[in-house]
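In the UniProt record's numbering, the protein residues as written are 1 to 242. Built from N, CA and C at the ideal position, the CB exists for glycine as well. Below: the structure, in structure tokens.
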């Protein structure tokens with residue numbers, strides 16, 4: 001059985017991603033490498049080097065296609081503040097890499113049939129689905145896989161649906177479950193291990209200052225990162241999280 005590292009929702013937070021120091025035989029990236037943070041280049045290059053399979057998240061798509069963030073407050077406003085930095089920093093080859101990521105991919109690793117998608121198989125980039133076994137059974141109908149690896153919600157999740165397990169590792173770069181540490185999963189010997197690692201949040205905030213992000217956006221990000229998504233006033237709704 002291979003030792004699999006599963007990560008999602010890195011969101012241009014290199015300080016968080018680089019804090020993950022695990023040995024692995026295969027790496028799965030369940031989308032949203034970029035946006036919200038301001039250090040996308042090393043995050044993209046790490047994924048290009050290490051990912052056995054990576055899929056496109058809604059923020060990867062928006063950056064690659066130069067989609068302006070929708071107006072609004074909360075996470076939408078934060079995306080609007082940080083997305084232009086990506087367009088200034090990223091080289092054409094990196095933009096092309098994001099644009100060409102598949103929205104869904106099925107692979108076999110260590111004898112496990114694995115489906116990787118950012119949202120759900122019904123809506124690969126945008127559907128926001130938490131711990132609802134009935135809804136997940138509906139989304140997975142007709143699929144013959146052992147594991148479904150997802151991201152998007154920024155909350156760790158494990159669902160045992162009998163023949164299939166659904167795993168969300170939580171967010172590397174912007175957790176929203178009240179734990180400020182970077183979240184990821186190791187899968188080995190049929191065991192799913194949810195893990196967290198402390199990282200240098202100040203380094204992430206400093207990078208935003210260096211890149212000229214508005215003060216309000218830096219302050220909001222610092223509150224989000226240091227609280228792990230709390231207080232409730234900074235916890236995104238489904239609409240805000242897009």
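| Query | Result |
| --- | --- |
| Out of 200, 218 and 56, which has the shortest C-alpha to C-alpha gap to residue 123? | 56 |
| Can you check which of these residues, 220, 65 and 164, is closest to residue 83 by C-alpha distance? | 65 |
| What did DSSP end up calling residue 239 once you bin it into helix, strand or coil? | The predicted model places residue 239 with a pLDDT of 38, which falls under 50 and marks its position as unreliable; any figure quoted below should be read in that light. Note: residue 239 maps to coil in three-state DSSP. |
| Are residue 213 and residue 38 closer than 8 Å when you measure CB to CB? | yes |
| Express the C-alpha separation of residue 62 and residue 53 in angstroms, rounding to a whole number. | 20 Å |
| Can you list, in chain order, the residues of its chain whose CB lies under 7 Å from that of residue 155, leaving out five sequence neighbours each side? | 130, 168, 170, 176 and 177 |
| Rounded C-beta distance between residue 76 and residue 68? I'm assuming under 8 Å. | Wrong, their Cβ atoms sit about 11 Å apart, outside the cutoff. |
| Measuring CA to CA, which of 41, 8 and 51 is closest to residue 31? | 8 |
| Would you list the one or two residues that DSSP bridges to residue 225? | None; residue 225 has no bridge partner. |
| Would residue 172 and residue 184 be called neighbours here (beta carbons separated by less than 8 Å)? | yes |
| What's the call for residue 246, buried or exposed, on a 16-neighbour Cβ count within 10 Å? | Outside the modelled stretch of the chain, which goes from 1 to 242, sits residue 246, for which no answer is possible. |
| With 16 other CB atoms within 10 Å as the buried threshold, where does residue 46 fall? | buried |
| Rounded to the nearest angstrom, how far is the Cβ of residue 174 from that of residue 224, given a contact under 8 Å? | 6 Å |
| For residue 172, name the three-state secondary structure that DSSP assigns. | coil |
| I'd like the ranges of any alpha helix (DSSP H) spanning at least 4 consecutive residues and lying wholly in the segment 106–170. | 133–139 |
| With 16 other CB atoms within 10 Å as the buried threshold, where does residue 216 fall? | exposed |
| Could you work out which residue in 191, 12, 146 and 161 is closest to residue 90 when comparing CA atoms only? | 12 |
| So within the segment 32–116, which uninterrupted beta strand (DSSP E) runs reach at least 3 residues, ignoring any that extend past its ends? | 104–109 |
| Measuring only the C-alpha atoms, how far is residue 237 from residue 229? | The predicted position of residue 237 is uncertain, since its pLDDT is 42 and thus under 50; a value taken from the coordinates is nonetheless stated next. Distance between the alpha carbons of residue 237 and residue 229 is about 12 Å. |
| Answer yes or no: do residue 192 and residue 19 have a C-beta to C-beta separation smaller than 8 Å? | no |
| How about residue 114 and residue 147: are their beta carbons less than 8 Å apart? | yes |
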